[in-house]
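All remarks here apply to the structure that follows.
Chains as they are written, first to last, in the working numbering: chain A, 258 to 673; chain B, 258 to 673.
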């Protein structure tokens, strides 16, 4: 097996404390080493996780077993939600409107090309699989994981550049498009399995839900947010500004999750909506700035997400020659496929290469897709079998690990 | 059933986000109402949890089901660990030495009397149960939950008074004594079940482990702490001061857990050990103070613990007349039993009543005891059956809920 998730029963809260101590230590030591080598800290956190996870090669399997710890997974999910909220806070809806049309074009190019390439890799390398498996393999390559890129851009102090806004905007749109593609492909496969046809109404429903959520969240959120903070500013107690902001962020993230979108989409929308003027009553009485209050919380939880992603990598099976061809082609398709994104900003002075590179990581979104594929069956054949799943995880890992240094190089080049 | 835990399968990380939003909102609204009524915020957080949990009476069972959510339990455990760490940070080892001898006397009185009274209640009200059940019922009453009292003292701005140090010191010693009693009683019961005898060596082992951990942690921690912070001050990256402090705290908490003590004992010890001078290199370069960095994190996690405790209360069965007599006597034994603690400071000007009241709450420690009792069997008879368990939970709840207003009143009286 190329890579795999290893699940164990949850080890309970007492061990969670030890886990967090180990994860924080690994994150900060890894981040330090990465920065010493001139790389973003997030790369060190990922590789710190890879190192800990693969201690099972020398008989220490405790860290690998953590990938099955539900409480740790919950903390990691909170971490990535907080990260997207923070990134969203750095921009306003106005900023996004300026890049909106371009981001949409970038996103659509970045979804179409990887899907075509992924389908081609399937036809070429998996002739024995059905056309549905090929279609699904393409779909897995479509979505961009905004988490890694957002973190790299922030580590480099570039998260407010026009390129960053296009990448993050396109990644959010990608997420929506990707989920629509996933829903459509999955419907096709389920219909094929029972010999029926895919329902156009079901496809339309997914489309309408996603558009309605995003537009609704931006419109309603902008209406609700000032009133919410104005209300809580009158309550007695401590920590009210941070608590209100988190309730608002978590509420939108859970809303996105409830209609089948990724919670990070809602968290990013919450950050975009929330502006300093909404909580000026807190600021007026001398409380800390919201960014300053969130930073300690996110400095603990965000690294948990990246270390956990690293922990899931099994180096042992990674060089199994039978899978290397498929894995290599899939990685190439994933990387090349997103480079057409630069075409979406042709005719501008924007850094086309950085936009293409910023769209590469598949991260947790790719993992979610692969996981759903494990459960799809046509005429008794699993669409994504264990080997294909491991290959997809390998692709996710490589796209995630190559992005930080590549983006750092590319942004440095454009600045020079 | 008087009260009960309801367990459901874990609802997963996406729902954890919604859960946290609901819990934070309940905590802050409850806290506000309590403060409006002149009570500590923690009482409002507990009762906010009680209210949400009992929405199942009107058909909304979602909140009650949260008591089985592992990720939420993990966050709550982190919250109570952080709370004890913060409380420990406010005192130094020197402060503790000044109250140490008195705290030991207070703790021993506060363990002996509740045990005797609890045994008596068992003989009186449960004549059909074995002597082991009576002994165990006494043992359940011994430990003090320092979490509630620490929080009330902090809400009232009194956590650095001499009374507070004696209460917190005695509660930590209580925890150790209580765990020894638990281990001894459980050994007795297990030996009785197989017809053998309790091993003196096993009792000695528990005693030695606990003493060795506490003394070892205080001695080794004071040696390690300055070196640890001096090392991490030279690393590159952000959030290093907070991460180092949390790794130190979590490390000691996990160490306490590993040898069978409550993790909060280790967290409190970590806070006692850590002093500003250890991390002066961070302070010298203008970073925020550690207390200021921890506060946003704890302001999110600490309320999770108290709301979750409230969620576990089932009001529906609470007025079942068959259990009311036993429940009422147990509550009286729990409260009266700790009032002898004031005798430990006879001859001083210290506020004896406040010390006695501060020792009342059984909180999570009582729950842990009751839970272990559910698994103990002598000759086919369960030591703690479901009804007795519910009664114990009721006692824990009442001792927890009466303490904040009683302590506030008592401290206000002594100040006047």
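Glycine residues also receive a C-beta, built at the ideal position from the N, C-alpha and C atoms. Keep in mind it's a predicted model, so treat the numbers as computed, not measured.
What are the residues of the segment 539 to 555 of chain A that lie near chain E, defined by any Cβ-Cβ distance shorter than 9 Å?
-> Protein chains in the displayed structure are A and B, and chain E is not among them.
Within 9 Å, strictly: CB atoms of residue 510/B and residue 430/B = As a working note, residue 510/B is residue 253 in the second chain. As a working note, residue 430/B is residue 173 in the second chain. In this structure, residue 510/B lies away from residue 430/B, with their beta-carbon atoms at least 9 Å apart.
Please list, in chain order, all residues of the same chain as residue 291/B whose beta carbon is under 7 Å from its beta carbon, the five residues on each side excluded.
-> Here residue 291/B is taken as the residue at index 34 of the second chain, counted from 1. By the criterion of a C-beta distance shorter than 7 Å, residue 291/B is surrounded in its chain by 297, 298, 300, 301, once the five residues flanking it on both sides are discounted.
Do you know how far the Cα of residue 496/B is from the Cα of residue 653/A?
-> Reading the first chain from its first residue, position 396 is the one you call residue 653/A. Reading the second chain from its first residue, position 239 is the one you call residue 496/B. The straight-line gap from Cα to Cα measures roughly 28 Å.
Hey, would you say residue 629/A sits closer than 9 Å to residue 439/A, going by beta carbons?
-> Locating residue 629/A in the first chain gives position 372, where the first residue counts as 1. Locating residue 439/A in the first chain gives position 182, where the first residue counts as 1. Cβ atoms of residue 629/A and residue 439/A: closer than 9 Å.
Proximal residues of chain A, C-beta to C-beta of residue 500/B below 9 Å | Position 243 of the second chain holds residue 500/B. Among the residues of chain A, those whose CB is under 9 Å from the CB of residue 500/B are 281, 282, 284, 285, 556, 557, 560, following chain order.
Over the uninterrupted alpha helix (DSSP H) stretch that includes residue 412/A, give me the two end residues.
-> Counting from 1 along the first chain, the entry for residue 412/A is found at position 155. It spans 403 to 412 - the alpha helix (DSSP H) in which residue 412/A sits, taken as one unbroken run.
Among the residues of its own chain, which have a CB less than 6 Å from the CB of residue 619/B, if the five just before and after it don't count?
-> For this step, residue 619/B is matched to residue 362 along the second chain. Here the set comprises 402, 653, 656.
Rounded straight-line distance, which links the Cα of residue 370/B to that of residue 377/B | As a position in the second chain, residue 377/B is number 120, starting the count at 1. As a position in the second chain, residue 370/B is number 113, starting the count at 1. Cα-Cα distance, rounded: 11 Å.
Thinking just about the alpha-carbon of each residue, which of 315/A, 333/A, 631/A, 314/A is nearest to the one in residue 560/A?
-> Numbered from 1 along the first chain, position 303 holds the residue referred to as residue 560/A. The residue with the shortest Cα to Cα distance from residue 560/A is 333/A.
With a cut-off of 8 Å on the beta carbons, I'd call residue 307/B and residue 567/B a contact; round off their distance for me.
-> Here residue 307/B is taken as the residue at index 50 of the second chain, counted from 1. Here residue 567/B is taken as the residue at index 310 of the second chain, counted from 1. Rounded to whole angstroms, the Cβ separation of residue 307/B and residue 567/B is 4 Å, and the two are in contact under 8 Å.
Per-residue burial, residue 386/B [other beta carbons within 10 Å of its own, 16 or more giving buried] | Within the second chain, the letter at position 129 stands for residue 386/B. When all chains shown are included, residue 386/B counts as buried.
Under a three-way DSSP split, which group does residue 570/A fall into?
-> Stepping through the first chain from its first residue, residue 570/A is reached at position 313. In this structure, residue 570/A counts as coil in the three-state DSSP scheme.
Counting only the same chain and skipping the five closest in sequence on each side, list residues whose C-beta sits under 7 Å from that of residue 627/A.
-> Taking the first residue of the first chain as 1, we reach residue 627/A at position 370. Cβ neighbours of residue 627/A within its own chain (closer than 7 Å, five residues either side excluded): 397, 641, 646, 649, 650.
9 Å Cβ cutoff met for residue 275/B and residue 514/A = Here residue 275/B is taken as the residue at index 18 of the second chain, counted from 1. Here residue 514/A is taken as the residue at index 257 of the first chain, counted from 1. Going by beta carbons, residue 275/B and residue 514/A fall inside the 9 Å limit.
Given residue 264/B, which residues of its chain have a CB within under 6 Å of its CB, disregarding the five upstream and five downstream residues?
-> Counted from its first residue, the second chain places residue 264/B at position 7. Confidence in residue 264/B is poor, its pLDDT being 27 and thus under 50, which makes the residue's placement unreliable; the coordinate value appears in the next sentence. So the qualifying residues of the chain are 325.
From this set, 345/A, 336/A, 359/A, 312/A, which residue's C-alpha is nearest residue 598/A's C-alpha?
-> What you label residue 598/A is simply residue 341 of the first chain in a count that begins at 1. Of 345/A, 336/A, 359/A, 312/A, the residue nearest in Cα terms is 359/A.
Note down, one range per segment and in chain order, each alpha helix (DSSP H) of at least 4 residues found wholly within the segment 610 to 668 of chain A.
-> Complete alpha helix (DSSP H) runs here, min 4: 620 to 630.
Reducing DSSP to helix, strand and coil, say where residue 580/A ends up.
-> The residue you call residue 580/A lines up with position 323 of the first chain. Residue 580/A falls in the helix class under three-state DSSP.
CB contact below 9 Å: residue 611/A versus chain B | Here the question's residue 611/A lines up with position 354 in the first chain. Residue 611/A does not count as touching chain B.
Residue 520/B: first and last residue of the uninterrupted alpha helix (DSSP H) it sits in | Position 263 of the second chain, counted from the first residue, corresponds to residue 520/B. Here the alpha helix (DSSP H) through residue 520/B covers 520 to 530.
For residue 635/A, which residues of its own chain have a beta-carbon under 7 Å away from its beta-carbon, when the five flanking residues on both sides are left out?
-> As a position in the first chain, residue 635/A is number 378, starting the count at 1. Once the five neighbours on either side are set aside, the close Cβ partners of residue 635/A are 387, 389, 446, 449, 450.
What's the call for residue 442/A, buried or exposed, on a 16-neighbour Cβ count within 10 Å?
-> Position 185 of the first chain, counting from 1, holds the residue named residue 442/A. Flag for residue 442/A reads buried.
Give, in chain order, every residue of the segment 503 to 520 of chain B whose Cβ lies closer than 7 Å to some Cβ of chain A.
-> If the cut-off is 7 Å between Cβ atoms, the segment 503 to 520 of chain B has 503, 504, 507, 508, 510, 511, 514, 520 near chain A.
Are residue 392/B and residue 379/B closer than 9 Å when you measure CB to CB?
-> Against the second chain, residue 392/B aligns to sequence position 135. Against the second chain, residue 379/B aligns to sequence position 122. In this structure, residue 392/B places its C-beta atom within 9 Å of the C-beta atom of residue 379/B.
Stretch pair the segment 516 to 525 of chain A + the segment 520 to 533 of chain B: three plus CB contacts closer than 8 Å = The segment 516 to 525 of chain A is not in contact with the segment 520 to 533 of chain B.
Contacts of residue 293/B in chain A (Cβ-Cβ under 8 Å) = For this step, residue 293/B is matched to residue 36 along the second chain. Correct list: 493.
Where residue 415/B falls: helix, strand or coil (DSSP) = For the purposes of this step, residue 415/B is taken as residue 158 along the second chain, with counting starting at 1. Here DSSP, grouped into helix, strand and coil, assigns residue 415/B to coil.
Within 9 Å of chain B by C-beta, residues of the segment 329 to 355 of chain A in sequence order = Residues 329, 330, 331, 332, 333, 334, 335, 338.
Distance CB(residue 295/A)-CB(residue 528/A) smaller than 9 Å | Here residue 295/A corresponds to residue number 38 of the first chain, with the count starting at 1. Here residue 528/A corresponds to residue number 271 of the first chain, with the count starting at 1. For residue 295/A and residue 528/A, no; Cβs fall outside 9 Å.
Residue 333/B: first and last residue of the uninterrupted alpha helix (DSSP H) it sits in = On the second chain, residue 333/B is found 76 positions in, with the first residue counted as 1. Under the DSSP assignment, residue 333/B falls in the alpha helix (DSSP H) whose first and last residues are 327 to 346.
Answer yes or no: does any C-beta atom of chain A fall closer than 9 Å to that of residue 489/B?
-> Within the second chain, residue 489/B is the residue found at index 232, counting from 1. So, interface residue.
What do you reckon, are the CB atoms on residue 340/A and residue 408/A nearer than 9 Å?
-> Here residue 340/A refers to the residue found at position 83 of the first chain. Here residue 408/A refers to the residue found at position 151 of the first chain. Cβ distance < 9 Å, so residue 340/A and residue 408/A count as in contact.
Pairwise C-alpha distance: residue 466/A and residue 546/B = Start at 1 with the first residue of the second chain, and residue 546/B comes out as number 289. Start at 1 with the first residue of the first chain, and residue 466/A comes out as number 209. In a straight line, the C-alpha of residue 546/B is about 46 Å away from that of residue 466/A.
Locate the alpha helix (DSSP H) running through residue 391/A, then write down its first and last residues.
-> As a first step, residue 391/A must be located in the first chain, where it is residue number 134. Note, residue 391/A: alpha helix (DSSP H), 388 to 397.
Under the assumption that residue 281/A contacts residue 500/B (Cβ atoms under 8 Å), give the Cβ distance between them as a whole number of angstroms.
-> Locating residue 281/A in the first chain gives position 24, where the first residue counts as 1. Locating residue 500/B in the second chain gives position 243, where the first residue counts as 1. Indeed they touch by this definition, with Cβ atoms about 5 Å apart.
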